[in-house]
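Undergrad: Below is one structure. I have some questions about it.
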Amino acid sequence: MATVACELHAAFAYFHWTGFYRAPAAAAPAAAQQAEPAEQQAEQAEQQRQSERQLVIGPYQGGLGCLRIPFSKGVCGAAARERRTQLVPDVHAFPGHIACASSTQSEVVVPVLTPGGQLLAVLDVDSDLPAAFTEVDAQWLEQLCTDLGSRQWQAGL
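Residue 61 in my numbering sits at position 21 of the sequence shown; the count goes up by one each step and never skips.
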């Protein structure tokens, strides 16, 4: 992941922050109360786990990043929660955007998933330019993250 962040950051002048936020494994569900139906217990436990989960800073290039990002907030949180790419031409228009750097104008965040769909991390790329990223950027980053997720899974990481 460190090499990927470094090479991407060096290759594209409009990438001003390039890095990964790792997704720690989900905690086991808390014991549910006996009085509630099983489906309701499971739903409440899942909501609790998702609200408590956080992404943790991983390898990156650029200025100091946010150290932790809740799944419930920001562009990175949305990518982790929904397990799909977030292409944001104007971060100021994104509800709940977390401004780790005040100069960020646009952002693309891509989930890194195992072949079975387990979230390993998200790749976060920020730019000082508005609408810096295109669908083509997103597609190439998605392919890169698909390959990375497969390799991480094969390596048992």
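The beta carbon of each residue, even a glycine, is placed where N, CA and C say it ideally should be.
In this text, all values refer to a predicted model and were calculated from it rather than measured experimentally.
Indicate the three-state DSSP secondary structure (helix, strand or coil) for Asp-187 in the structure shown.
TA: Reduced to three states, the DSSP call for Asp-187 is helix.
Undergrad: Name the residue from Phe-55, Gly-59 and Ala-171 whose alpha carbon lies nearest to the alpha carbon of Asp-130.
TA: Its Cα nearest to that of Asp-130, the residue Ala-171 stands out among Phe-55, Gly-59 and Ala-171.
Undergrad: For Asp-168 versus Ser-143, is the C-beta distance shorter than 8 Å?
TA: Yes.
Undergrad: What are the boundary residues of the alpha helix (DSSP H) that includes Arg-62?
TA: Where Arg-62 is concerned, there is no enclosing alpha helix (DSSP H), although the beta strand (DSSP E) around it starts and stops at 57 to 62.
Undergrad: According to the neighbour-count rule (16 or more other Cβ atoms, all chains shown, within 10 Å of its Cβ), is Gln-126 buried or exposed?
TA: That one is buried.
Undergrad: With Pro-155 and Cys-185 assumed to form a contact (beta carbons below 8 Å), what rounded beta-carbon distance in angstroms separates them?
TA: That pair is no contact at about 12 Å.
Undergrad: May I ask which residues mark the beginning and end of the alpha helix (DSSP H) holding Leu-48?
TA: 42 to 51
Undergrad: Would you report the Cα separation of His-132 and Ser-146, rounded to the nearest angstrom?
TA: 8 Å
Undergrad: Is the beta carbon of Gln-101 less than 8 Å from the beta carbon of Ala-45?
TA: yes
Undergrad: Skipping 5 residues on each side, what residues in its chain have a beta carbon closer than 8 Å to that of Pro-64?
TA: Arg-93, Gln-94 and Val-96
Undergrad: Are the beta-carbon atoms belonging to Pro-99 and Gly-59 less than 8 Å from one another?
TA: yes
Undergrad: Tell me the DSSP bridge mates of Tyr-54?
TA: Note: Tyr-54 sits in no beta bridge, so no partner.
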